[in-house]
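In order, the protein sequences belong to chains A and B.
Here the first sequence is numbered in the numbering used here, starting from 2 and rising by one per residue.
Here the second sequence is numbered in the numbering used here, starting from 2 and rising by one per residue.
2 protein chains.
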Amino acid sequence: MSEDKAARGSVRTITDLARLAGVSPGTVSRALAGKSLVNAKTREKIESLAREHGFRPNQMASGLRRQKTGVIGVVIPLGHDTRQQISDSFFMTLLGHLADELTREGYDLMLRRVVPEDDADWLDRFIGSGMIDGVIVIGQSDQFERIEDVADGYLPMVVWGNHTQGQRHCVVGTDNRLGGKLAAERLIAAGATRLAFLGDTGPMEFAARFAGARDVAERLGVPIMALPTHLSPDRASAEIARHISAIDGQVDGIFAATDTLAALCLTELRARGLVVPDGVKLVGFDDLPIARQTVPPLTTVRQDIAAGARGLVQLLLRRLGGDETESLVLPPQLVIRHSA
Amino acid sequence: MSEDKAARGSVRTITDLARLAGVSPGTVSRALAGKSLVNAKTREKIESLAREHGFRPNQMASGLRRQKTGVIGVVIPLGHDTRQQISDSFFMTLLGHLADELTREGYDLMLRRVVPEDDADWLDRFIGSGMIDGVIVIGQSDQFERIEDVADGYLPMVVWGNHTQGQRHCVVGTDNRLGGKLAAERLIAAGATRLAFLGDTGPMEFAARFAGARDVAERLGVPIMALPTHLSPDRASAEIARHISAIDGQVDGIFAATDTLAALCLTELRARGLVVPDGVKLVGFDDLPIARQTVPPLTTVRQDIAAGARGLVQLLLRRLGGDETESLVLPPQLVIRHSA
DNA sequence: GCGCTATTTGCAAACGTTTGCAAAATTCCT
DNA sequence: AGGAATTTTGCAAACGTTTGCAAATAGCGC
Numbered sequence: 002m003s004e005d006k007a008a009r010g011s012v013r014t015i016t017d018l019a020r021l022a023g024v025s026p027g028t029v030s031r032a033l034a035g036k037s038l039v040n041a042k043t044r045e046k047i048e049s050l051a052r053e054h055g056f057r058p059n060q061m062a063s064g065l066r067r068q069k070t071g072v073i074g075v076v077i078p079l080g081h082d083t084r085q086q087i088s089d090s091f092f093m094t095l096l097g098h099l100a101d102e103l104t105r106e107g108y109d110l111m112l113r114r115v116v117p118e119d120d121a122d123w124l125d126r127f128i129g130s131g132m133i134d135g136v137i138v139i140g141q142s143d144q145f146e147r148i149e150d151v152a153d154g155y156l157p158m159v160v161w162g163n164h165t166q167g168q169r170h171c172v173v174g175t176d177n178r179l180g181g182k183l184a185a186e187r188l189i190a191a192g193a194t195r196l197a198f199l200g201d202t203g204p205m206e207f208a209a210r211f212a213g214a215r216d217v218a219e220r221l222g223v224p225i226m227a228l229p230t231h232l233s234p235d236r237a238s239a240e241i242a243r244h245i246s247a248i249d250g251q252v253d254g255i256f257a258a259t260d261t262l263a264a265l266c267l268t269e270l271r272a273r274g275l276v277v278p279d280g281v282k283l284v285g286f287d288d289l290p291i292a293r294q295t296v297p298p299l300t301t302v303r304q305d306i307a308a309g310a311r312g313l314v315q316l317l318l319r320r321l322g323g324d325e326t327e328s329l330v331l332p333p334q335l336v337i338r339h340s341a
Numbered sequence: 002m003s004e005d006k007a008a009r010g011s012v013r014t015i016t017d018l019a020r021l022a023g024v025s026p027g028t029v030s031r032a033l034a035g036k037s038l039v040n041a042k043t044r045e046k047i048e049s050l051a052r053e054h055g056f057r058p059n060q061m062a063s064g065l066r067r068q069k070t071g072v073i074g075v076v077i078p079l080g081h082d083t084r085q086q087i088s089d090s091f092f093m094t095l096l097g098h099l100a101d102e103l104t105r106e107g108y109d110l111m112l113r114r115v116v117p118e119d120d121a122d123w124l125d126r127f128i129g130s131g132m133i134d135g136v137i138v139i140g141q142s143d144q145f146e147r148i149e150d151v152a153d154g155y156l157p158m159v160v161w162g163n164h165t166q167g168q169r170h171c172v173v174g175t176d177n178r179l180g181g182k183l184a185a186e187r188l189i190a191a192g193a194t195r196l197a198f199l200g201d202t203g204p205m206e207f208a209a210r211f212a213g214a215r216d217v218a219e220r221l222g223v224p225i226m227a228l229p230t231h232l233s234p235d236r237a238s239a240e241i242a243r244h245i246s247a248i249d250g251q252v253d254g255i256f257a258a259t260d261t262l263a264a265l266c267l268t269e270l271r272a273r274g275l276v277v278p279d280g281v282k283l284v285g286f287d288d289l290p291i292a293r294q295t296v297p298p299l300t301t302v303r304q305d306i307a308a309g310a311r312g313l314v315q316l317l318l319r320r321l322g323g324d325e326t327e328s329l330v331l332p333p334q335l336v337i338r339h340s341a
């Protein structure tokens with residue numbers, strides 16, 4: 002084994018290595034950076050010495066000098082239910098794909114969860130830290146205006162969320178309104194005649210899903226009501242239970258804002274002896290893994306999370322290059338299983 | 002609004018701010034760092050100027066000078082099924098808690114997924130990058146030896162995983178062997194007489210779970226077999242299906258390495274008309290959210306993920322302070338629901 | 001061997017912050 | 001008021017890289 006502990010400790014800086022190789026630090030830097038202006042033999046010598054001593058250039062110093070860090074910030078603004086979202090399997094899946102994409106492009110990922118209520122300055126602080134070359138915001142939460150403000154003066158930012166006409170920040174996301182339409186259409190096609198939307202209509206994405214469903218309902222003359230529900234699993238169960246007993250018999254088609262909510266809803270419906278889809282039809286949103294494991298498996302509106310992550314990263318890269326990119330709206334897809 | 006765009010752009014460095022305040026950069030630095038050696042009035046002036054111009058000190062420069070970054074690396078080594086783990090809801094939940102804990106302690110989190118097979122140097126590279134003050138490794142995968150090697154020369158590292166007698170790296174994790182025992186005992190108490198372990202026994206955690214179950218089975222004279230299964234959901238389903246038809250009638254108690262596998266198994270069992278728990282008993286591991294949503298809800302062995310995250314962070318902090326901390330083994334807890 | 005150009009190298013100044021040390025200003029005591 | 005003790009400041013040298021510029025070396029045709 003060539004890199005024993007002694008060797009590993011001894012040569013920490015590019016200058017150490019330069020001394021060993023009998024050249025100047027500048028040359029070592031150039032050699033390691035793979036620049037063309039260094040003699041093939043010198044380069045080889047330097048590279049082998051570097052390997053031998055397990056040397057790696059200090060990224061902080063490099064970052065400082067070059068004014069770029071090779072790190073992309075990923076920030077998750079948490080809404081009112083503070084602890085909610087990170088356990089949400091949707092966000093997590095997106096994060097996983099983002100990590101993959103960024104790694105593939107040679108970037109590191111710095112993750113931050115923030116509570117905008119406690120820290121109005123969350124976005125500027127992150128951007129201004131000098132630690133990141135660009136930022137991906139996962140979810141607009143209730144921070145639309147703040148994000149718009151920042152977008153005016155800071156190019157390398159891309160946001161996962163909902164697109165609204167004329168907004169100034171670059172966003173990637175599913176066409177939630179269309180998704181809502183698909184869901185409502187399916188419920189009605191499956192025979193539902195009185196609809197309900199289960200979820201929190203505060204966040205823009207959810208509001209758009211509801212709006213899409215309402216469009217369809219109104220067009221077809223079907224009533225639809227909102228059943229406001231928090232997303233944190235502990236609160237949600239109780240709220241859903243209450244909703245279900247309240248609407249008893251007045252609703253035969255439920256559109257849940259999320260598969261997670263749909264799954265909980267399924268459990269509560271079963272507990273009250275309501276049969277899905279015979280008594281009540283149910284449609285979810287996201288097509289998370291859980292959707293195919295419920296009983297019955299969920300009919301849901303699929304978001305292509307992998308494509309979303311790819312889009313976020315590609316757009317961000319172009320913005321890092323100076324482009325003013327447009328937003329990217331992805332098409333949702335209805336996946337019919339057995340709950341509606 | 003005090004920080005308009007002009008202001009935001011103009012004062013980027015501590016020197017700019019010093020000029021504005023009519024003091025030297027050193028004083029500004031001290032004021033912003035909250036040191037006691039600066040006059041109350043000067044400090045106030047500097048702070049208000051900083052606020053007004055939205056100034057934030059550059060973390061790279063600060064990190065370079067102080068030789069610490071305020072960033073903790075979190076690295077997830079991926080095993081053979083490359084894409085597997087990040088979507089695994091267990092890892093994700095742990096990551097969420099880690100993010101919270103680290104934030105609370107004032108650290109940022111840098112996330113890296115690595116494929117050790119492609120990059121033997123994954124751990125040294127991360128540590129040597131100079132970007133992180135310490136590292137948390139999530140899962141030993143098949144990299145036990147590599148981690149041991151590094152542990153000898155690098156203090157601020159804590160690993161999530163399995164504890165084995167006499168190992169040299171500091172680990173936090175559940176007592177998997179005990180967990181396996183609990184699972185097997187429950188299966189047998191529920192009436193099972195021929196057991197099977199469903200999962201991959203390659204990773205140490207899973208091997209220990211299997212070993213624990215085998216201990217019990219052998220002691221009680223009950224046969225137990227291993228049903229090797231990959232963890233990636235796509236492959237797992239098919240493999241489980243195959244296992245189930247292969248063992249038809251020869252097994253009446255299944256211990257799944259993970260709730261995720263257990264849930265898939267439940268689906269496959271149902272598809273083959275086997276009733277849980279009447280025909281086959283089933284016990285999972287982790288107590289993920291999904292465990293309470295399956296039909297029937299899963300009996301499982303609970304890992305306290307939040308406590309694990311807390312432990313990882315606390316131990317790491319002590320190591321950053323120079324302590325040689327011991328490992329932390331958490332007790333698993335049997336959660337009895339309806340699948341066994 | 002001599003000019004000439006083309007490659008390689010070294011030098012030194014950045015990048016923006018922190019901090020030991022010494023100088024200056026202030027306070028306190030008699 | 002005078003000096004000592006104390007608080008507050010400024011100076012300048014780091015931290016480890018990168019890079020423009022100029023110097024040195026090598027290559028080449030004659």
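The beta-carbon is built from N, C-alpha and C at its ideal position, and this holds for glycine as well.
Worksheet item: When the cut-off is 8 Å and only beta carbons count, does P157 (chain B) lie next to chain A?
Response: No, no contact with chain A.
Fill in: CB-CB length for T202 (chain B) against P229 (chain B), believed under 8 Å
Yes, T202 (chain B) and P229 (chain B) are in contact; Cβ-Cβ is about 7 Å, under 8 Å.
Discussion item. Quick check: the region 186-206 of chain B against the region 245-261 of chain B, are at least 3 beta-carbon pairs closer than 8 Å?
Written reply: These segments touch.
Worksheet item: How would you label G107 (chain A), buried or exposed, when you count the other beta carbons within 10 angstroms and need 16 or more for buried?
Response: By the neighbour-count criterion, in which a residue is buried when 16 or more other Cβ atoms sit within 10 angstroms of its Cβ, G107 (chain A) is exposed.
Discussion item. Once the 5 residues before and after A152 (chain B) are set aside, which same chain residues still bring their CB inside 7 Å of it?
Written reply: Correct list, in chain order: M158, R169, H170.
Item to complete: Please compile the residues from chain A whose C-beta is within a distance smaller than 7 Å of the C-beta of P290 (chain B).
Response: Simply P234.
Discussion item. I'd like to confirm the pairing. Which residues does DSSP put opposite W161 (chain B) in its beta bridges?
Written reply: Partner residues in the beta bridge of W161 (chain B), as assigned by DSSP, are B:I139, B:V173.
Worksheet item: Where do the N-terminal and C-terminal ends of the alpha helix (DSSP H) with R236 (chain A) fall, by residue?
Response: That run of the alpha helix (DSSP H) goes 234-247.
Worksheet item: The beta strand (DSSP E) spanning L196 (chain B) covers which residue range?
Response: Segment 196-199, the beta strand (DSSP E) holding L196 (chain B).
Item to complete: Check Q60 (chain B) in the structure and name its three-state DSSP category.
Response: The answer is helix: DSSP assigns Q60 (chain B) an H, G or I state.
Worksheet entry | Cβ distance (whole Å) where V172 (chain A) is taken to contact S328 (chain A) below 8 Å | Contact check for V172 (chain A) and S328 (chain A): beta-carbon distance about 5 Å, within the 8 Å limit, so the pair qualifies.
Fill in: 4-residue-minimum alpha helix (DSSP H) runs that sit fully inside the region 7-71 of chain B, ordered along the chain
Contiguous alpha helix (DSSP H) elements confined to the region 7-71 of chain B occur at 15-22, 26-34, 41-53, 60-67, taking only those with 4 or more residues.
Worksheet item: Are the beta-carbon atoms belonging to R114 (chain A) and T104 (chain B) less than 8 Å from one another?
Response: Contact annotation: R114 (chain A) and T104 (chain B) have beta-carbon atoms nearer than 8 Å.
Discussion item. Below 8 Å, how does it come out for the region 22-29 of chain B and the region 59-68 of chain B: are there three or more Cβ pairs, yes or no?
Written reply: Cβ pair count under 8 Å is below three, so no.
Worksheet item: Can you give the Cα-Cα distance for F127 (chain A) and L316 (chain A), rounded to whole angstroms?
Response: Each residue's Cα considered, the two are about 19 Å apart.
Worksheet entry | Exposure label - L313 (chain B); buried when at least 16 CB within 10 Å | Buried.
Item to complete: State buried or exposed for R215 (chain A), treating a residue as buried only when at least 16 other CB atoms are found within 10 Å of its CB.
Response: Using a 10 angstroms sphere on the CB of R215 (chain A), the tally of other CB atoms reaches 16 or more, which defines it as buried.
Worksheet entry | Minimum C-alpha distance to R364 (chain A) - residue among A:L179, A:L96, A:G135, A:W123 | Residue 364 (chain A) lies beyond the residue range present for chain A, which begins at 2 and ends at 341; the question has no answer from this structure.
Item to complete: Consider the Cβ of T194 (chain B): report whether some Cβ of chain A lies at a distance smaller than 8 Å.
Response: For T194 (chain B), the answer is no, since every Cβ of chain A falls outside 8 Å of its Cβ.
Discussion item. Given a cut-off of 8 Å on the beta-carbon distance, is the pair I137 (chain A) and M111 (chain A) in contact?
Written reply: Not in contact: I137 (chain A) and M111 (chain A) (Cβ atoms no closer than 8 Å).
Worksheet entry | contact_flag[the region 260-268 of chain B, the region 278-289 of chain B] where n(CB pairs < 8 Å) is 3 or more | They touch, by the three-pair rule.
Worksheet item: So W161 (chain A) and G174 (chain A) are in contact, right, with Cβ under 8 Å, and what is the actual spacing, rounded?
Response: Taking a contact as a CB-CB distance under 8 Å, the pair W161 (chain A) and G174 (chain A) counts as one, their CB atoms being some 6 Å apart.
Worksheet item: Mapping DSSP to helix, strand and coil, what is G74 (chain A)?
Response: Strand, per DSSP.
Worksheet item: Applying a beta-carbon distance threshold of less than 7 Å, which residues of chain A neighbour S130 (chain B)?
Response: Result: R57, Q60.
Worksheet entry | Cβ shell of I47 (chain A) (< 6 Å), same chain only, five flanking positions each side left out | Within the same chain, I47 (chain A) has close Cβ partners A22, V29, A32.
Fill in: First through last residue of the alpha helix (DSSP H) which encompasses M132 (chain A)
Taken as a continuous stretch (DSSP letters only), M132 (chain A) belongs to no alpha helix (DSSP H), as it is neither H nor E.
Practice prompt. Can you give me the start and stop residues for the beta strand (DSSP E) that I148 (chain B) sits inside?
Written response: Looking at the DSSP string, I148 (chain B) is not in any beta strand (DSSP E); the run it does join, the alpha helix (DSSP H), is 145-154.
Fill in: Cβ distance (whole Å) where R187 (chain B) is taken to contact L299 (chain B) below 8 Å
By a beta-carbon distance limit of 8 Å, R187 (chain B) does not contact L299 (chain B). Their separation comes to about 11 Å.
Worksheet item: Which two residues bound the contiguous beta strand (DSSP E) that contains T104 (chain B)?
Response: Counting along the chain, T104 (chain B) falls outside any beta strand (DSSP E), though it belongs to the alpha helix (DSSP H) covering 90-105.
Worksheet item: From T295 (chain B) to T295 (chain A), what distance separates their C-alpha atoms?
Response: For T295 (chain B) and T295 (chain A), the distance between alpha carbons rounds to 6 Å.
Worksheet item: When burial is assigned at 16 or more other CB atoms within 10 Å of the CB, is A197 (chain B) buried or exposed?
Response: A197 (chain B) should be labelled buried.
Worksheet entry | Residue interval of the beta strand (DSSP E) (run including V115 (chain A)) | Its beta strand (DSSP E) spans residues 109-115.
Discussion item. Just to confirm, is the Cβ distance from G213 (chain A) to F207 (chain A) under 8 Å?
Written reply: No, the Cβ-Cβ distance between G213 (chain A) and F207 (chain A) is not below 8 Å.
Practice prompt. Taking all protein chains shown into account, decide if G301 (chain A) is buried (16 or more other Cβ within 10 angstroms of its Cβ) or exposed.
Written response: First, the residue type needs correcting, since residue 301 (chain A) is Thr and not Gly in the sequence shown. So T301 (chain A) counts as buried.
Discussion item. Check whether chain A comes within 8 Å of Q168 (chain B), counting only Cβ atoms and requiring the distance to be less than that.
Written reply: The Cβ of Q168 (chain B) sits no closer than 8 Å to any Cβ of chain A.
Discussion item. Is there a C-beta anywhere in chain B that falls below 8 Å from the one on R31 (chain A)?
Written reply: Not closer than 8 Å to any Cβ of chain B, the Cβ of R31 (chain A) fails to qualify, so no.
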